[in-house]
Each structure stands twice: as structure tokens, then as C-alpha cells.
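Numbering (the UniProt record's numbering), first residue to last: 1 to 200.
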């Protein structure tokens, strides 16, 4: 597995690792301590299916992720690169997960400012869903970790048929409904490309 520099709604403003104006320094310090412990735990006890490290050793709030495509799925053989961007308020607020590898999936934005961003319940703001699609228990909770987020995303990619409720990529959702064979072909092609690009 290529190293990532170390080991279920869903615009970037300031630098991901910077403290937002008005954010108490103690929040950022607490986030850093929690994230450094989680990174150390993953380095000591790697989890099958992904690797994680920092994009920049000086910025604990942005992680580089490599996901190995799950066996017996459309993504088998893929090497998917992504980033996790944590807010200074972590773990009270969820991170964002953004795929750098090109993705074609109903739960991953495909264009615009949110291109590559994963839309899955576990990464949604905590509390009640104003649209009524999700229970509060399905959304972000402070007990979640990097490991639980990535296991949830890998589970999302492992589904035989993607969840089409409230899709982030409407075109991919439409293709799943109307021409599933074409959808599968496109996903497999992108999976192969991700593996080729990983070794360039």
C-alpha cells in the first residue's frame, strides 16, 4: 500500500490548519491533542483498508488518506487518495472528507466548490436533520474518530447499489437508476485510473 506520508452533507476559506477568528486557542489545542493521539494510534495499530498521515507535518488539521478499493466491489484494485480537513472545534464538529482521486458516486460531489467532498451521514453537522432524512444518532457525534469515519466511507463504497436518497451527485444517481451497467463501467474505469496514477 502506498504510504500516505506516514502511515454517512453532504468552499475553502482560510487555510485548513489556521485558527478561525474568534476560535478560542484552547479549542485548537484540544483538537490537536486528540488528533495527534488518533494519528499515533493508527500508526501503532494500522487498520486494513486505509492509511493515514499528515499533508504537512506542521498542520495536524489536514490529513492525507489513501483508501484501498474494497475486494469484490466496483472499487477493487483502486488506490483512492483523499484528505480529511478538521475544524478547530473538532471533535464537537465533524471534519470534511474530500477525494483527490476522481470519483463517480451519488454520495460524492462531482463539480463546483465541493468537488470530491463526501456526503455521508456521519460527516453531517450534529443534531436533528432539518429535512428529516436522518436521525440525530446517524449524524456526527463527538465520540466518532478518524477510524470510524473511514470505515463508514469504505462501507459506502462497498454497497452493491449506492444509496440514492438526497444525492450529492445527481447525475451519478440518475445513471444508477437508468443505466446501471454504464455506471458500473465508469466507476471501474476510474478505479483503474486511480491505481495507475498512484504509481506515476
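Backbone N, C-alpha and C define an ideal beta-carbon position, used for all residues, glycine too. From a predicted model like this one, the values you see are computed outputs, not experimental measurements.
- Looking only at 170, 178, 154, 174, the smallest Cα-Cα distance to residue 74 is reached by 154.
- The stretch 85-101 makes no contact with the stretch 165-182; the number of CB pairs closer than 8 Å stays below 3.
- Residue environment for residue 37: exposed (fewer than 16 other C-beta atoms within 10 angstroms of its C-beta).
- With a 10 Å radius around the Cβ and a threshold of 16 neighbouring Cβ atoms, residue 180 comes out exposed.
- Membership of residue 187 in the alpha helix (DSSP H) is indicated by the continuous run 180-198.
- DSSP places residue 84 inside the beta strand (DSSP E), whose first and last residues are 79-85.
- Counting only the Cα atoms, residue 70 lies some 8 Å from residue 157.
- The shortest CA-to-CA distance from residue 35 to any of 163, 151, 91, 193 is the one to 91.
- Burial of residue 81 is indicated by the presence of at least 16 other C-beta atoms within 10 angstroms of its C-beta.
- Exposed is the label assigned to residue 165, since fewer than 16 other Cβ atoms lie within 10 Å of its Cβ.
- Boundaries of the alpha helix (DSSP H) around residue 149: 146-158.
- Here residue 50 is bridged, per DSSP, to 67.
- Excluding the 5 residues flanking it on each side, residue 49 has same chain C-beta neighbours closer than 6 Å at 68, 154, in chain order.
- For residue 115 and residue 45, the gap between their C-alpha atoms comes out near 31 Å.
- With contacts defined by Cβ atoms closer than 9 Å, residue 103 and residue 33 do not form a contacting pair.
- Counted as a single uninterrupted DSSP element, the beta strand (DSSP E) harbouring residue 98 occupies residues 96-99.
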